[in-house]
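Trainee: Take this structure first; my questions come after.
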Amino acid sequence: MLSSWHQNKLDHFNYQLTTFLFLMGAMVTNKRTTIWVMLGCMLLLLQTGCVTTAPNGKEIDEDKVVTAQIRLAKAYIREGQAGLARKPLEKALDYDSRSGEAYSVLAMVNQLEGENELAEKSFRKAIRYSDEPSDVHNNYGAFLYAQSRYEEALKQLDKAASNVHYPKRSYSYQSMGLVALKLGKKEEAKEYFEKGLRLNNRLHKAHLELADILFQEQKYIPAKSHYERFKQLARQNARSLWLGVKIAKVFENNDVVASYGLMLKKMYPGSEELKQYQGLLTNEE
């Protein structure tokens with residue numbers, strides 16, 4: 001998809017080419033010849049990039065300007081200064097009003113600043129103008145998930161995961177599993193987590209969720225396997241420690257039960273999981 005700048009330049013070029021051919025006496029009646037000449041010149045135009053002349057006479061490569069401004073905006077976001085990212089993005093869009101990447105980053109800025117309506121508009125424009133919008137669908141799905149708009153989130157994530165060439169589709173499946181759990185669709189969630197793990201066995205959230213689901217289904221051996229894999233990939237949290245206690249209890253590993261219980265006391269003193277662990281101890285007395 002050509003940007004508006006590219007399209008305007010192309011229209012102007014076609015006009016100049018026609019004038020040139022006429023002046024040179026080369027305006028032939030053979031349409032095939034004319035078409036091939038125009039296509040060759042158009043290809044040359046697109047390959048040489050978008051160059052304009054500044055008021056001081058210096059040539060400016062507009063594609064490079066857009067890329068540089070987007071890169072600057074991303075740097076601001078990484079440094080936790082999302083507010084500063086808006087200006088370079090606006091400058092990028094001044095040069096190319098159909099830059100899908102610029103709108104995608106702008107959506108992130110709006111989301112970080114709590115401007116949800118603006119974020120949604122930016123996401124939609126990013127999808128419209130991106131040649132390959134899978135990453136935008138994935139990020140838009142995450143945005144909708146945060147807004148508790150689970151059905152809409154699932155649709156966007158599915159569009160990302162359906163693209164077999166999308167390098168992050170495993171994460172899309174993991175996110176789809178989390179959405180399915182919110183919708184009370186446990187079997188679908190299992191399927192999404194398993195699909196994600198077939199593509200990428202390092203998805204720690206998928207391992208933890210499958211461990212929990214399988215434990216509830218009393219499938220303790222695979223539950224323990226996923227739990228151990230989770231521990232290799234991520235730090236423990238209150239929920240994972242409590243799940244670890246329950247799994248260890250099934251396998252009568254009292255040392256592990258006591259170890260996880262101690263970690264709950266030290267790391268999460270006011271948590272609901274610690275209360276549940278203390279209740280377990282009380283019932284055993």
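Following the working numbering, the residues of the sequence shown are numbered contiguously, the last one being 285.
Backbone N, C-alpha and C define an ideal beta-carbon position, used for all residues, glycine too.
Quick one: complete alpha helix (DSSP H) runs, 4+ long, within the segment 76 to 127?
Mentor: Annotation: the segment 76 to 127 contains the following complete segments of the alpha helix (DSSP H) (minimum length 4 residues), in chain order: 82 to 95 and 100 to 112.
Trainee: The alpha helix (DSSP H) spanning residue 173 covers which residue range?
Mentor: 169 to 182
Trainee: Specify whether the segment 214 to 227 and the segment 173 to 184 touch according to this definition: at least 3 beta carbon pairs, one from each stretch, less than 8 Å apart.
Mentor: no
Trainee: So residue 82 packs on residue 109, CB below 8 Å; how close in whole Å?
Mentor: 5 Å
Trainee: Below 7 Å CB to CB, which residues in the same chain sit around residue 239 once its five sequence neighbours on both sides are set aside?
Mentor: The answer, listed in chain order, is 273.
Trainee: Is residue 66 closer than 7 Å to residue 92 when the C-beta atoms are compared?
Mentor: yes
Trainee: Work out the CA separation of residue 165 and residue 97 for me, nearest whole Å.
Mentor: The alpha-carbon of residue 97 is positioned some 27 Å away from that of residue 165.
Trainee: Where do the ends of the alpha helix (DSSP H) carrying residue 273 lie?
Mentor: 272 to 284
Trainee: DSSP three-state label for residue 213, please.
Mentor: helix
Trainee: Applying the criterion that 16 or more other CB atoms from any shown protein chain within 10 Å of the CB defines a buried residue, is residue 126 buried or exposed?
Mentor: buried
Trainee: Grouping DSSP H, G and I as helix and E and B as strand, with all else coil, what is residue 38?
Mentor: Because the pLDDT at residue 38 is just 41, under 50, the model does not fix this residue reliably, and the value given afterwards should be weighed accordingly. Three-state result, residue 38: helix.
Trainee: Based on Cα-Cα distance, which residue from 99, 231, 280 and 73 lies nearest to residue 206?
Mentor: 231
Trainee: Could you say which of 202, 170 and 208 lies nearest to residue 192 if we only look at CA atoms?
Mentor: 170
Trainee: Let me know if residue 250 comes out buried or exposed under the rule of 16 or more other beta-carbons within 10 Å of its beta-carbon.
Mentor: exposed
Trainee: Find out if the Cβ-Cβ distance for the pair residue 145, residue 161 is shorter than 7 Å.
Mentor: no
Trainee: Please tell me whether residue 95 and residue 84 are closer than 7 Å, where the distance is taken between their beta carbons.
Mentor: no
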